[in-house]
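There are 2 protein chains.
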Amino acid sequence: MKLSPSEENYLKAIYHLEQASDTGVTTNALAQRMETKPSSATDMVKRLAEKELLHYVRYRGVTLTNEGTKSALQIIRKHRLWQVFLVEKLHFHWDQVAEIAEQLEHVHSEELIARLERFLGEPDFDPHGEPIPSKDGTIKQTAKKLLAELKKNQGGVCVGVKESSPEFLQYLDKKNITIGTKIKVLGKEFFDGSMVILVGKDQSFISKKTAENLYVQTL
Amino acid sequence: MKLSPSEENYLKAIYHLEQASDTGVTTNALAQRMETKPSSATDMVKRLAEKELLHYVRYRGVTLTNEGTKSALQIIRKHRLWQVFLVEKLHFHWDQVAEIAEQLEHVHSEELIARLERFLGEPDFDPHGEPIPSKDGTIKQTAKKLLAELKKNQGGVCVGVKESSPEFLQYLDKKNITIGTKIKVLGKEFFDGSMVILVGKDQSFISKKTAENLYVQTL
DNA sequence: ATCAATATTTAGGTTGTGCTAAATAATTTT
DNA sequence: AAAATTATTTAGCACAACCTAAATATTGAT
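In structure tokens form, the structure reads like this:
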């Protein structure tokens with residue numbers, strides 16, 4: 001089914017909200033996520049229900065149908081593949097790619113995505129460490145943990161972030177932390193959860209908040 | 001100025017019609033090119049005139065302003081760079097890229113295009129041999145001739161096509177002719193303009209019609 | 001120069017996607 | 001459980017981009 005960019009964006013948003021909350025998605029939450037008014041969300045939700053991409057019960061919110069979930073995963077797949085392209089091939093910084101990928105993901109062509117995937121070497125994860133759904137909708141899960149969960153002397157490789165605001169990504173950059181960076185916990189402060197860590201060959205101090213937004217794959 | 005995909009497509013069409021005819025562009029011609037109704041073309045033309053991208057005189061047609069021409073060239077630039085990407089990097093065949101490039105060209109990001117251009121090695125021509133406008137709107141001109149203009153024993157390199165229908169491009173493919181293919185005229189039939197040519201190491205017979213739609217750069 | 005044919009515009013409708021304001025349902029507080 | 005608060009929907013409007021049908025301007029033929 002060919003969907004409009006707007007319809008695709010709503011599907012994506014609903015999928016992510018479902019993942020985050022495990023319950024049905026309310027109109028309000030959806031409107032907030034889409035930065036629009038609840039009335040607009042209602043309009044769209046009705047149209048997507050009409051297309052059987054989601055179940056909608058008035059005043060009760062929505063859940064994606066199997067079809068809807070499949071569609072959402074395909075859009076996320078495109079988004080993440082384009083992000084890999086932008087970072088790996090065009091050497092964008094990982095905090096600059098979201099906006100552009102958001103446009104590229106709406107280009108309609110199965111063939112394009114298949115070839116792009118091959119060109120990129122069939123990556124499993126995007127530059128933020130998020131898994132890239134396969135063509136049939138399966139997702140590889142990482143054994144990723146929050147850095148905050150590591151104990152003293154444990155180490156890991158940075159595989160992604162929880163919050164991906166430009167500010168946070170730029171802050172990480174200043175600390176020389178990016179996807180693939182090896183990190184070891186040298187010390188952990190009980191009092192405020194802050195850590196002293198080893199990044200490459202340098203020591204660095206990070207707050208609890210930072211440690212709670214950085215995913216690592218333990219070694 | 002940020003334009004909608006539709007506005008961009010109209011600008012592109014007007015630019016091409018201007019190039020082809022050297023006169024102002026009529027509403028009818030524009031509507032035909034856009035595969036829409038004249039009334040729709042009128043609507044759009046008014047909006048573009050409002051934005052000072054073209055001069056519009058009722059019942060008299062339009063001409064692009066300097067601003068409009070600049071915009072059109074930027075869109076053409078994007079289109080052709082994406083076509084290079086699709087053919088060179090993703091190994092699409094040159095008859096499959098137009099439709100996808102038409103979508104990609106509407107992605108808004110200066111930075112993206114700058115980086116794409118660098119990634120592609122700053123090409124001067126697209127896979128159909130059409131020149132790629134530079135960032136400032138200048139166009140490299142080829143010394144290209146129609147194959148039909150060559151005399152016996154003259155040779156050249158295929159640099160593009162006049163008609164770029166999938167049928168014609170596929171036909172050329174069957175004859176092993178693509179951008180960069182060396183061609184030499186072995187014989188030319190006065191009667192019907194047909195030719196016997198050397199393509200690589202093999203002889204090939206082509207009609208006048210084919211020879212009139214194939215551009216070569218003479219050696 | 002007038003008339004017929006053609007080109008173009010205007011008027012008014014449709015669809016998709018947004019909005020605000022008002023109405024209604026659901027939830028929370030008391 | 002009723003009232004107050006919050007969430008959601010409905011009604012009605014707006015804009016971009018299309019459409020058809022009718023009106024008007026231009027062009028070409030006589």
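These protein sequence lines are chains A and B, in that order.
Using UniProt numbering, the first residue of the first sequence is number 1, and each one after it goes up by one.
Using UniProt numbering, the first residue of the second sequence is number 1, and each one after it goes up by one.
Cβ atoms here follow ideal geometry from the backbone N, Cα and C, with glycine treated the same way.
Helix, strand or coil for residue i? Go by DSSP, reduced to three states.
i: B:Tyr10; result: helix
i: residue 274 of chain B; result: The requested residue 274 of chain B is not part of the displayed model; chain B covers only 1 to 219.
i: B:His106; result: coil
i: B:Gln141; result: coil
i: A:Gly61; result: strand
i: A:His79; result: helix
i: A:Ile100; result: helix
i: B:Thr218; result: strand
i: B:Met1; result: coil
i: B:Gln74; result: helix
i: A:Leu48; result: helix
i: A:Glu152; result: Rather than Glu, the amino acid found at residue 152 of chain A in this sequence is Lys. Coil, per DSSP.
i: A:His91; result: coil
i: A:Lys209; result: helix
i: A:Asp192; result: coil
i: A:Leu186; result: strand
i: B:Ser40; result: helix
i: B:Ser204; result: strand
i: B:Gly160; result: strand
i: A:Leu53; result: coil
Counting C-beta neighbours from all protein chains within 10 Å, is the total for residue i 16 or more, i.e. buried, or is it exposed?
i: B:Val57; result: exposed
i: A:Phe85; result: buried
i: A:Ser165; result: exposed
i: A:Lys152; result: exposed
i: B:Phe92; result: buried
i: A:Tyr215; result: buried
i: B:Arg80; result: buried
i: A:Ala72; result: buried
i: B:Gln19; result: exposed
i: A:Gln141; result: exposed
i: B:Gln83; result: buried
i: B:Thr210; result: buried
i: A:Met44; result: buried
i: residue 226 of chain B; result: The displayed coordinates of chain B run from 1 to 219. Any statement about residue 226 of chain B would go beyond what the structure contains.
i: B:Lys46; result: exposed
i: A:Met1; result: exposed
i: A:Glu7; result: buried
i: B:Tyr59; result: exposed
i: A:Glu99; result: exposed
i: B:Lys144; result: buried
i: B:Glu35; result: exposed
i: A:Glu111; result: exposed
Residue i versus chain B: which residues are under 8 Å apart at the beta carbon?
i: A:His108; result: Gln103
i: A:Leu116; result: Leu90
Run down chain B in chain order and give the residues with a C-beta less than 9 Å from the C-beta of residue i.
i: A:Ile100; result: Val107, His108, Ser109, Glu111 and Leu112
So which residues of chain A does residue i contact, with C-beta pairs closer than 8 Å?
i: B:His55; result: Going along chain A, no residue has its Cβ under 8 Å from B:His55, so there is no contact; the nearest lies around 31 Å.
Measure the beta-carbon distance from residue i to residue j and round it to whole angstroms, keeping in mind my assumption that it falls under 8 Å.
i: B:Thr218; j: B:Gln154; result: 6 Å
i: A:Leu169; j: A:Val161; result: 7 Å
i: B:Ile179; j: B:Pro133; result: B:Ile179 to B:Pro133, Cβ: 18 Å. No contact.
i: B:Ile75; j: B:Lys12; result: 5 Å
i: A:Ala41; j: A:Thr27; result: 5 Å
i: A:Asp175; j: A:Val199; result: The question names Asp, yet the displayed sequence has Lys at residue 175 of chain A. 6 Å between Cβ atoms; contact.
i: A:Leu3; j: B:Leu116; result: With 8 Å as the limit, A:Leu3 and B:Leu116 do not qualify as a contact, their Cβ atoms being about 26 Å apart.
i: A:Glu88; j: A:Leu120; result: 7 Å
i: B:Leu146; j: B:Glu52; result: About 38 Å separates the two Cβ atoms, so there is no contact after all.
i: B:Val185; j: B:Ile177; result: In fact, because the Cβ distance is near 13 Å, the residues do not count as touching under 8 Å.
i: B:Ala148; j: B:Lys208; result: 6 Å
i: B:Thr65; j: B:Gly24; result: Going by Cβ atoms, the distance from B:Thr65 to B:Gly24 rounds to 13 Å, so no, they are not a contact pair.
i: A:Ser194; j: A:Ile183; result: In fact, because the Cβ distance is near 14 Å, the residues do not count as touching under 8 Å.
i: B:Arg33; j: B:Leu54; result: Not really, about 15 Å apart at Cβ, beyond 8 Å.
i: B:Gly129; j: B:Val159; result: 4 Å
Under 7 Å between beta-carbons, which chain A residues line up against residue i? List them in chain order, please.
i: B:Lys2; result: Ordered by position in chain A, no residue passes the 7 Å Cβ test against B:Lys2, which lies about 12 Å from the chain.
i: B:Lys89; result: Phe119
Contained alpha helix (DSSP H) runs [length at least 4] in the segment 108–132 of chain B, N- to C-terminal order: Listed in chain order, they are 110–119.
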